Ligand SMILES: C[S@@+](CC[C@H](N)C(=O)[O-])C[C@H]1O[C@@H](n2cnc3c(N)ncnc32)[C@H](O)[C@@H]1O
């Protein structure tokens, strides 16, 4: 039986028991339901299968999703921050949007901020990654789309790129609509320290550390809640959501990253079966 074998499954049961004790008990089908998440839950999100990673432009994908469904968004879009001439970044198609002007970038953020507003629940949490150059644009675009920026979280990466003042942090804007659901961790500090992903561990040029993303998923959802990431890259959000027994869904415009994410998601499944 999937849930009763191996150390990983044992830890999973510990998580379930801990969350039950906190009042986030297992609802509906209990452990059987969670096992289904690991294997494809069979639910639908508009025309899409829940608990899948799909290829597509997030604006098109979100336009097909029903309104008021999603309690947690974790989005790590292209930062639109430029890059020095001659930098490898300018030729890299995965971060091609880096060349957008400020006006174009605000327009782009507004398009997805409006869709996110439509598809989320009234008490939703929304985390958007950004950097020091463009976080004000992101904040403005979200606020004119109906969102309220409630916190600017600093992700301290430990080491920094560049010259002069080397950037060793990035930002995560925490946004809500009206009254956000409570954080499951109680109060959290707004500086999060997690080492960045470097070297052989890195599958995507902008990959985020799984521990950081896991912390956000745990802080803002209960077991079986739905987590979406409209720019999933190497799939970090979906993998962490899945391993925590959350429903998940997301897209990326680059089919290579979709294949990478599907592979990572299947590894989560295999880990459960050990
Ligand atoms: C910063 S990366 C995400 C990295 C991810 N958080 C991770 O840990 O691997 C942004 C991703 O957005 C994707 N992207 C860019 N424009 C998009 C769009 N309009 N719709 C969906 N995905 C898009 C890119 O292909 C890229 O993989």
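Residue numbers (our numbering): 82 to 355. We put the beta carbon where it would ideally sit given N, CA and C, even for glycine. Note that the structure is predicted; figures quoted are calculated from it, not measured.
heavy atom of ligand 1 below 6 Å from residue 195 C-beta: no
Backbone CA spacing between residue 309 and residue 322 [nearest angstrom]: 9 Å
Cα-Cα separation between residue 304 and residue 160, rounded to whole angstroms: 30 Å
Host alpha helix (DSSP H) of residue 200 (start-end): 183 to 200
Beta-carbon gap between residue 332 and residue 131 smaller than 7 Å: no
Residue 232 burial status per 10 Å Cβ neighbour count (16 or more: buried): exposed
Residue 282 beta carbon near ligand 1 (any heavy atom closer than 6 Å): No, ligand 1 has no heavy atom inside 6 Å of this Cβ.
Cβ-based neighbour list, residue 128, same chain, cut-off 7 Å, excluding 5 preceding and 5 following: 145
Whether residue 200 touches residue 150 by CB criterion (7 Å): yes
For residue 148 and residue 290, the rounded distance between their alpha carbons: Looking at the two C-alpha atoms, the distance is approximately 30 Å.
Closer than 6 Å: residue 287 CB and nearest ligand 1 heavy atom: yes
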